[in-house]
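Numbering (UniProt numbering), first residue to last: 1 to 324. Built from N, CA and C at the ideal position, the CB exists for glycine as well. On a predicted model such as this, the values are computed, not experimentally measured, just so you know.
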């Protein structure tokens, strides 16, 4: 039986509630404008999956400490900084259905807010000598940047193979969840081997999470992501890569031409979606995702049985069975 988010959170409910207060404290400033923006950001948080991965990973390895809270806060601060900057770069006016920071306070302030969040996170770790977690999390954000640039480079040529696709999503998405799990384990004093195992588990979950996100592009669920948006943005996702690999030369040329030159045409985007569906791209990607989830669950099973492990297993299922 699959667990609900409420059931998944049960073992760490006290910690999650405490984290909300601590995170607000971490974000406090002496500048009224900055404080106003920080409060706006905090009030519009999502499902809090990243802190959940941190606390549950800490729980399966030891006793949750103040260092665990700081690790979760560092990830949230750096991740939020990257989202604020992304919205400026993408000229996006909305984030999770609400106005973005740049939409309300303009680009200059949004960039400065992103910079503040970044430096606040780094200082939080340095002030408490949390150097191991700082290394884990900073490495993850370096990889995220590299993954973004690799995707931009490949989008220009549309020559992404499956190997390159997996490297991009490993860097862009999986590395962050891997860092959450590794930081959680490290924060409670787990040894190097256990931290590496937690990292590997998180990486596989993150890859599965991204494949699930790719599949949304071809469905009609209300997920806050328009149908075919990846195609419009010229992103080569697993269902599309598989379909193109199976296609004959002329079909492949036609589909690539649509993505390169006609991705603003809804009818043409619908043609690509139909092509992927008819080629078995969705079934293939779903199968790959389930295999990766099984690998993640196998790693998880090597940790001692506990309520935290049960919740982590439930969180893995949630990430791939979510409808948005």
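Alpha-carbon to alpha-carbon, residue j and residue i
i: residue 179; j: residue 272; result: 35 Å
i: residue 312; j: residue 56; result: 6 Å
i: residue 167; j: residue 147; result: 8 Å
i: residue 81; j: residue 173; result: 16 Å
i: residue 37; j: residue 76; result: 15 Å
i: residue 97; j: residue 43; result: 13 Å
i: residue 292; j: residue 89; result: 32 Å
i: residue 223; j: residue 127; result: Here the model assigns residue 223 a pLDDT of 42, short of 50, so the residue's position is not dependable and the matter cannot be decided.
i: residue 58; j: residue 162; result: 33 Å
i: residue 51; j: residue 100; result: 22 Å
i: residue 84; j: residue 123; result: 19 Å
i: residue 225; j: residue 87; result: The pLDDT assigned to residue 225 is 47, lower than 50, so where the model puts this residue is not dependable; a value taken from the coordinates is nonetheless given after this. Using only the alpha carbons, I get a separation of about 15 Å.
i: residue 320; j: residue 212; result: 6 Å
i: residue 70; j: residue 8; result: 21 Å
i: residue 325; j: residue 103; result: Because the chain spans 1 through 324 in this model, residue 325 falls outside it and cannot be assessed.
i: residue 112; j: residue 260; result: 34 Å
i: residue 132; j: residue 115; result: 22 Å
i: residue 231; j: residue 275; result: 12 Å
i: residue 30; j: residue 107; result: 21 Å
i: residue 252; j: residue 295; result: 32 Å
i: residue 15; j: residue 280; result: 43 Å
i: residue 134; j: residue 118; result: 12 Å
i: residue 24; j: residue 249; result: 56 Å
i: residue 229; j: residue 236; result: 11 Å
i: residue 34; j: residue 286; result: 43 Å
i: residue 322; j: residue 316; result: 10 Å
i: residue 190; j: residue 152; result: 37 Å
Among the options, the one whose alpha carbon lies nearest that of residue i
i: residue 61; options: 301, 316, 320; result: 301
i: residue 278; options: 99, 20, 218; result: 218
i: residue 265; options: 253, 233, 290, 289; result: 233
i: residue 177; options: 192, 143, 155; result: 143
i: residue 27; options: 15, 41, 203; result: 41
i: residue 72; options: 316, 21, 229; result: 21
i: residue 182; options: 258, 280, 164, 205; result: 205
i: residue 95; options: 125, 66, 45; result: 45
i: residue 129; options: 171, 145, 66; result: 66
Nonlocal neighbours in the same chain, by C-beta distance under 7 Å from residue i, ignoring five residues either side
i: residue 5; result: 47, 318
i: residue 68; result: 54, 55, 58, 184, 187, 188
i: residue 169; result: 207, 210
i: residue 263; result: 231, 232, 234, 269
i: residue 310; result: none
i: residue 289; result: 208, 211, 212, 320
Start and end residues, alpha helix (DSSP H) containing residue i
i: residue 67; result: 66-89
i: residue 12; result: Neither: residue 12 is in no alpha helix (DSSP H) and is coded neither H nor E.
i: residue 276; result: 266-278
i: residue 321; result: 307-321
i: residue 239; result: 238-246
i: residue 205; result: 192-216
i: residue 186; result: 175-187
i: residue 109; result: 101-127
i: residue 283; result: 281-300
i: residue 59; result: 49-61
i: residue 39; result: 32-43
i: residue 253; result: 249-261
Neighbourhood of residue i by C-beta distance below 8 Å, restricted to the same chain and skipping five residues each side
i: residue 284; result: 238, 239, 242
i: residue 164; result: 150, 154
Integer-rounded CB distance, given that residue j should sit under 8 Å from residue i
i: residue 197; j: residue 64; result: The Cβ separation is near 18 Å, so there is no contact.
i: residue 137; j: residue 74; result: 5 Å
i: residue 282; j: residue 215; result: 6 Å
i: residue 247; j: residue 258; result: Going by Cβ atoms, the distance from residue 247 to residue 258 rounds to 12 Å, so no, they are not a contact pair.
i: residue 121; j: residue 149; result: 22 Å between Cβ atoms; not a contact.
Sequence-distant residues of its chain with Cβ nearer than 6 Å to residue i (five each side left out)
i: residue 3; result: 314
i: residue 155; result: 234
i: residue 140; result: 175, 176, 179
i: residue 244; result: 252
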